[in-house]
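In my numbering, the protein residues as written are 1164 to 1248.
This is the structure in structure tokens:
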């Protein structure tokens, strides 16, 4: 019995658009860029944190942002207290 695409985890190839229309180029956006854009869109102007580990990739787009500033804290609990005011 042959395995289905779903069972093997394979993804079907996208079908070409009908009518020969060319699609616009897609902008590659990372999760980190999306995170910082979301913060900017909701009006966040300050984030508190400790760079390192899993969050480190988010610091590149954060440093490129002109609307969100980063405040370095010494402890995660301090960041939580600072964020609540």
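Even for Gly, the Cβ is constructed at its ideal location relative to N, Cα and C.
Computed from a predicted model, the values in this text were never measured in an experiment.
Span separating the alpha-carbon of residue i from that of residue j
i, j, result
"residue 1226", "residue 1185", "35 Å"
"residue 1209", "residue 1247", "11 Å"
"residue 1236", "residue 1176", "47 Å"
"residue 1194", "residue 1200", "10 Å"
"residue 1240", "residue 1192", "31 Å"
"residue 1206", "residue 1218", "21 Å"
"residue 1216", "residue 1198", "16 Å"
Distance CB(residue i)-CB(residue j) smaller than 8 Å
i, j, result
"residue 1196", "residue 1224", "yes"
"residue 1212", "residue 1242", "yes"
"residue 1245", "residue 1234", "yes"
"residue 1114", "residue 1190", "Missing from the structure shown is residue 1114; the chain here goes from 1164 to 1248 and no further."
Three-way DSSP call (helix, strand, coil) for residue i in this model
i, result
"residue 1244", "helix"
Buried or exposed (CB count within 10 angstroms, at least 16 for buried), residue i
i, result
"residue 1221", "buried"
Where are the alpha helix (DSSP H) runs, 4 residues long or more, that stay fully inside the segment 1184-1227, in chain order?
-> Here the runs fully enclosed are 1194-1204, 1222-1227.
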